[in-house]
């Protein structure tokens, strides 16, 4: 039995809590820390048998019974909490991105390398655990499509975040497209060599005023020579649009969106099927559960996490390169980004 | 908090146990009874915090703390256990069918009517809680397709049961098609007036030797005048095929199968998508959880179960009428069946 | 070059005229006869190079240059014109049904047998030449689905005919379902042994007053033991609904409707695709061309038409058996129908 | 009646000949010229009633009865023949591209402007007449998706041309992607401001030796601010992959491929549907007919061709800009291309 502490009891912290309760029998949440915990959340945790409910995350790091911590605090806390947790000898699951700054991610990496204990460190790239993306990945790995020649990812949120959020988000590449940049590596099994990005402010002028764009297209060249295109938008009125495609010498595999049900209504107005599941909590609920199950499995079976500190580091490099390409209006090689 | 006892710790009893553990926070399984409980099941239940693990279901019925029982024993035990549980003042969730004999179902009904306490009695027609069938039902109720004119249900299992099972199953109509006959009522919101059934032994000669058929088509006339067709087969090599369609004056709503993922692989051999989920445990896992959640809600909020003793009784009448039609080679009115 | 005469210059006669002009280079329409030919049709035919445009079909039958006639007159004229044409030594393509009376079809058959010249006689079962139905048939023939166990056909017109037409149509089974009954034989490659039919008057009370029904379901048992279900309706508000399915020991093949284009529109209201092509002229235009091309090929290459007098005869028997089953409220064996 | 002369009796010239014969009643092919005409083609044309079959295109341009010419010769002949035909006062339908050189297209444009007679000049961008692309365009024009924000086009041929063809093709952008670049303008109703292109030689090393690439991705910024991505490949083993998508503030419209039929085969190996139609002659046969019908309509009704000399000019500019971007490894503004 792996004893878990959760730092941060907001939306995503609660999701992980539920995943462990309902789907990870080898783990038990012993403690949850959040300085601003809502009373109803505290009540729910207590009722669910969480032993220690606290404002102070140090009570988790100092508890020798706790094997692993889930870092679900705000992004600026990810790196320092990671480092503290690593130094406390805890296995760490950290929400993405590890940080907006490469230097700070390198510090986490250094802490991992310096740790006398072999720490499992997993970054919250939930899409790697999604049924559709995993099926694409498996088909690619199994050689079903031959040599990879082109990868396409479409990624559209149903509604934009508030301008206030946008202002502190690090920008669309670090905040939103980072998932898709990680998917590009995951689906292709390859590394990105160069990117070119275009951005536009089409959805909401407030996003532009906050210094960001809301619609982007990224084209990329991978190490193997394969090409790629990613398009992203902060708002798709029909719901969360999450599709991938990998094309190769022997075929092509494509995923379409998931809907709440598989019914089709035929009327005089047209043939109407269900819209995609609304947003990430609906769409990726299974993936959230699966990533935590996988993290605990890594600890139990002493295997490597699927998305470790390197994935966390490279994805941020890619996002920074995209931003640089858009700003400087030129192709940017990833090895330019230090 | 509703305290629950489960009678029968086989496959379906375990499914309901898990549903309550992971998805029904208002209920708690206090006791599980099974005279032939496997040691590993007992260990799992104990670990999950089940207080009383016993061979004797009477320990459940006699426990005044227990509010509701789930009857997951073999079919021949459904009716007598239902009656005992009702007399003990417990709310009852009973797996389908309540019994193969109308008389014995009537006895359960009489027990319910005689009970001084208002008992909630729900029959395990899980498909009423399936996302696809519910979406069809909702569209019909919302008038999206106008007046119902025709209903079609296709129901194919991926693999036939053993001839030994077939011999005691009550026959394909009572064992398998009963779900689809209940769906006919559920999707249409109407009652069946008359049925004609054809059966054939095409899948496995052993099923024929056991006195049963494995492939059937049922046509029906409903009270409203609408017509219906149901086809069933014990074996579809591509997996569990579960589709419904309701056609009416303003349109048509159709459900297709669920698959493990929404990917499509295009190769020189064709455009290939995933097969349906393999069988009922995969396909209806969500529905199993939902039916138990709904049962507990009925108790908590004092509402009527969606599928009560009447649904249990009528579905058996319909199955008997189908059998009679096939055997006597003629249309059979449901009011012939007493 | 096969010289063709067309008897009847209504809608379907014009369709066949166009098919020959644009897609059957081995044939040439030499003459068209219609006692009520519209002036604009006559002008079009003249412009298209038709040599003889006449009120009197005898001018076609008497013309020794003419090899083949297409009988596109009203149904009551099909049999007598067929016999006259056969006696005149012409190959005959006759619109369906050959007649509503078995006796008169037998007379046509007798004329064919009595003819000193080997006459090619094809009945206008256009769906046998449709790309979707042909693909199903081919998969069945190629053994892709193994031994046939169940066939389903859904057949819904977009709008009902006028009550005046219904009154002289011979009823829904002979007028509309005859196509589907022929499809049942074509798709299965089997013969029907017994049918049970239900009918209802749900679409338009005027159809009921004209003595007909507008919604039917037919269940059937085939010689091989396979079962079948056909549903039909005179009105589907979303357009012409024409789907088939053959299920067997190794799989299942299903056809869906054709639409004017393959686009999907995703909006806040839902995911909307195109409705089926509106009616038979849109849906089966390719099949109409293909059946004439095939008829001419039979003459040129001296092969047997795919749908000859026997198909014409059996389909009428099946329609009569369905009507009898509905009227007498019982299963009807096809060998009862003489 | 519009009298037509066809210059070039190769594959595409024959396609246009058939379109006029079978689907454009207002036009008649009076003459066909080709210095290398195959005897069987000449025989077919003669049989089809073409009056003048010649080696010398001047016999067409000099014939005062001829209203319009279709230029189906090799690409290097497009511009000079266009200019001669314009000077001869003929309406011109010219296969794409008008030329690989902007100067020569400008010369054609100048000839058009200098012509005393108002000449209809249409470039063979057949996809503008395809049912799927037209449906997308119409949805965009009708405001169904709101303001355009992103366009995506996937364009993959089933098999690469020979290296010999590649060597004289002008390169993938001018030879193949020019269609997609034109589609970008057509679907969006907008102009391209800037492109960035990546190319790779992944399909066939011989193509690389011939100095070309076979796999490309183009990203673009449009005048309105909308973004776009086009991917292209010379070889998709599953057939001709031609899909478009336009995303906007109110929704998204997507087209999928056409197949030979709409059947789905379900077996133990998977759920298998038909591959896309093999290549452009199968996929765009309807569009080829429609473009000629539309060209003749423009002459008859004195309206503007949908794709005139300007579309021909701009598409070549776009292709040149893509090539320049790939070669110089930078974003290229279209107004750089003179």
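Chains as they are written, first to last, in the working numbering: chain S, 1 to 338; chain Z, 339 to 676; chain P, 677 to 1014; chain L, 1015 to 1352. The beta carbon of each residue, even a glycine, is placed where N, CA and C say it ideally should be.
Chain S partners of residue 477(Z), CB-CB under 8 Å?
Here residue 477(Z) is taken as the residue at index 139 of the second chain, counted from 1. Within chain S, the residues near residue 477(Z) are 263, 265.
Using a cut-off of 9 Å between C-beta atoms, extract the partners of residue 1231(L) located in chain S.
For this step, residue 1231(L) is matched to residue 217 along the fourth chain. Within chain S, the residues near residue 1231(L) are 150, 152, 219, 220, 221, 227, 228, 229.
Where do the ends of the alpha helix (DSSP H) carrying residue 132(S) lie?
Locating residue 132(S) in the first chain gives position 132, where the first residue counts as 1. Looking at the DSSP string, the run of the alpha helix (DSSP H) that includes residue 132(S) is 131-141.
Three-state secondary structure assigned by DSSP to residue 153(S):
The residue labelled residue 153(S) in the question sits at position 153 within the first chain. Reduced to three states, the DSSP call for residue 153(S) is strand.
List the residues of chain Z that residue 878(P) touches, going by C-beta distances under 8 Å, in chain order.
For the purposes of this step, residue 878(P) is taken as residue 202 along the third chain, with counting starting at 1. Within 8 Å Cβ-Cβ: 485, 487, 563, 564, 587.
Could you tell me how far apart the beta carbons of residue 157(S) and residue 236(S) are, in whole angstroms, since I believe they sit closer than 8 Å?
In the first chain, residue 157(S) corresponds to position 157, counting from 1. In the first chain, residue 236(S) corresponds to position 236, counting from 1. Right, the Cβ-Cβ distance comes to about 7 Å (below 8 Å), so this counts as a contact.
With a threshold of 8 Å, are at least 3 pairs of Cβ atoms found where one atom belongs to the stretch 1232-1250 of chain L and the other to the stretch 1130-1149 of chain L?
no
Could you tell me the distance, in whole angstroms, from the CA atom of residue 542(Z) to the CA atom of residue 898(P)?
What you label residue 542(Z) is simply residue 204 of the second chain in a count that begins at 1. What you label residue 898(P) is simply residue 222 of the third chain in a count that begins at 1. The alpha-carbon atoms of residue 542(Z) and residue 898(P) are separated by roughly 18 Å.
Applying a beta-carbon distance threshold of less than 9 Å, which residues of chain S neighbour residue 735(P)?
Sequence index remark: in the third chain, residue 735(P) carries index 59 (1-based). The premise fails here: residue 735(P) is roughly 46 Å from chain S at the closest Cβ pair, so nothing lies under 9 Å.
Would residue 170(S) pass as an interface residue toward chain P - the criterion being a Cβ-Cβ separation below 8 Å?
Your numbering for residue 170(S) matches position 170 in the first chain. No, because no Cβ of chain P sits closer than 8 Å to the Cβ of residue 170(S).
Compare the beta carbon distance of residue 521(Z) and residue 471(Z) with 8 Å and say whether it is the shorter of the two.
Numbered from 1 along the second chain, position 183 holds the residue referred to as residue 521(Z). Numbered from 1 along the second chain, position 133 holds the residue referred to as residue 471(Z). Yes, they are a contact pair.
Compute the distance between the beta-carbons of residue 1093(L) and residue 1118(L), then report whether it is under 8 Å.
Along the fourth chain, read from residue 1 onward, the residue named residue 1093(L) stands at position 79. Along the fourth chain, read from residue 1 onward, the residue named residue 1118(L) stands at position 104. In this structure, residue 1118(L) lies closer than 8 Å to residue 1093(L) by Cβ.
For the alpha helix (DSSP H) that residue 1135(L) lies in, which residues bound it at each end?
Within the fourth chain, residue 1135(L) is the residue found at index 121, counting from 1. No alpha helix (DSSP H) holds residue 1135(L); the beta strand (DSSP E) holding it covers 1135-1137.
Rank 1048(L), 1330(L), 1229(L) by C-alpha distance to the C-alpha of residue 1087(L) and give the top, closest one.
Along the fourth chain, one-based indexing puts residue 1087(L) at 73. Cα-wise, what sits closest to residue 1087(L) is 1048(L).
Below 6 Å CB to CB, which residues in the same chain sit around residue 731(P) once its five sequence neighbours on both sides are set aside?
Translated into positions along the third chain, residue 731(P) becomes position 55. Within the same chain, residue 731(P) has close Cβ partners 711.
Put residue 341(Z) into one of helix, strand or coil per three-state DSSP.
As a position in the second chain, residue 341(Z) is number 3, starting the count at 1. Strand at residue 341(Z).
Taking Cβ-Cβ distances below 7 Å as the criterion, which residues of the stretch 594-628 of chain Z are in contact with chain P?
none
Contact under 8 Å by Cβ, residue 290(S) with residue 129(S):
For the purposes of this step, residue 290(S) is identified with residue 290 of the first chain, where counting begins at 1. For the purposes of this step, residue 129(S) is identified with residue 129 of the first chain, where counting begins at 1. Contact: yes.
For residue 1266(L), name the three-state secondary structure that DSSP assigns.
In the fourth chain, counting from the first residue as 1, residue 1266(L) sits at position 252. It is a strand residue.
Below 8 Å between beta carbons is the criterion; list the residues of the stretch 112-141 of chain S that meet it against any residue of chain C, in chain order.
The structure shown contains no chain C; its protein chains are S, Z, P and L.
Looking at the structure shown, is residue 395(Z) part of a helix, part of a strand, or coil, going by DSSP?
Taking the second chain and counting its residues from 1, one reaches residue 395(Z) at position 57. In the structure shown, residue 395(Z) sits in coil (DSSP, three-state: anything other than H, G, I, E or B).
Cα-Cα separation, residue 300(S) to residue 486(Z):
Translated into positions along the first chain, residue 300(S) becomes position 300. Translated into positions along the second chain, residue 486(Z) becomes position 148. In a straight line, the C-alpha of residue 300(S) is about 56 Å away from that of residue 486(Z).
Applying a beta-carbon distance threshold of less than 9 Å, which residues of chain S neighbour residue 590(Z)?
By one-based count along the second chain, residue 590(Z) stands at place 252. Those within 9 Å of residue 590(Z) in chain S are 264, 265, 266, 267.
At a Cβ threshold of 8 Å, is residue 1344(L) touching chain S?
By one-based count along the fourth chain, residue 1344(L) stands at place 330. Output row for residue 1344(L): interface = yes.
Bridge partners for residue 70(S) per DSSP, in chain order?
As a working mapping, residue 70(S) is identified with position 70 in the first chain. According to DSSP, which records beta bridges pairwise, residue 70(S) is partnered with 6(S), 93(S).
Could you tell me if residue 381(Z) is buried or exposed, where buried requires 16 or more neighbouring beta carbons within 10 angstroms of its beta carbon?
Here residue 381(Z) corresponds to residue number 43 of the second chain, with the count starting at 1. So residue 381(Z) counts as exposed.
Residue burial classification, residue 143(S) (beta-carbon count within 10 angstroms, cutoff 16):
Reading the first chain from its first residue, position 143 is the one you call residue 143(S). Classification of residue 143(S): exposed, given that the 10 Å Cβ count is below 16.
Measuring alpha carbon to alpha carbon, tell me which of 679(P), 969(P), 983(P), 954(P) ends up nearest residue 835(P).
For this step, residue 835(P) is matched to residue 159 along the third chain. The candidate whose alpha carbon is nearest that of residue 835(P) is 954(P).
Do you know offhand how far residue 1030(L)'s Cα is from residue 692(P)'s?
Position 16 of the fourth chain, counted from the first residue, corresponds to residue 1030(L). Position 16 of the third chain, counted from the first residue, corresponds to residue 692(P). Approximately 23 Å between the Cα atoms of the pair.
Assuming contact is defined by CB atoms lying nearer than 8 Å, are residue 1332(L) and residue 1180(L) in contact in what I supplied?
Translated into positions along the fourth chain, residue 1332(L) becomes position 318. Translated into positions along the fourth chain, residue 1180(L) becomes position 166. Their beta carbons are not under 8 Å apart, which means residue 1332(L) does not touch residue 1180(L) by this criterion.
My understanding is that residue 596(Z) touches residue 262(S), with C-beta atoms under 8 Å, so please give their C-beta distance in whole angstroms.
Taking the first residue of the second chain as position 1, residue 596(Z) is located at position 258. Taking the first residue of the first chain as position 1, residue 262(S) is located at position 262. Sure, about 6 Å apart at Cβ, within 8 Å.
Please confirm whether residue 392(Z) has its beta-carbon closer than 8 Å to some beta-carbon of chain S.
Counting from one through the second chain, the residue named residue 392(Z) turns up at place 54. For residue 392(Z), the answer is no, since every Cβ of chain S falls outside 8 Å of its Cβ.
What's the gap between the Cα of residue 1012(P) and the Cα of residue 576(Z)?
Walking along the third chain from the start, residue 1012(P) turns up at place 336. Walking along the second chain from the start, residue 576(Z) turns up at place 238. Going from the Cα of residue 1012(P) to the Cα of residue 576(Z) covers about 38 Å.
Minimum C-alpha distance to residue 606(Z) - residue among 247(S), 285(S), 8(S), 256(S):
Position 268 of the second chain, counted from the start, is the residue given in the question as residue 606(Z). Answer by Cα proximity: 247(S).
Just to confirm my understanding: we take residue 483(Z), look at its own chain, exclude 5 residues before and 5 after, and list those with CB closer than 8 Å. What are they?
As a position in the second chain, residue 483(Z) is number 145, starting the count at 1. Contacts found: 477, 584, 585, 586, 587, 588, 589, 590, 591.
Residue 1250(L): contacting residues in chain S (beta-carbon distance under 9 Å)
As a first step, residue 1250(L) must be located in the fourth chain, where it is residue number 236. Ordered by position in chain S, the residues that pass the 9 Å Cβ test against residue 1250(L) are 247, 251, 252.
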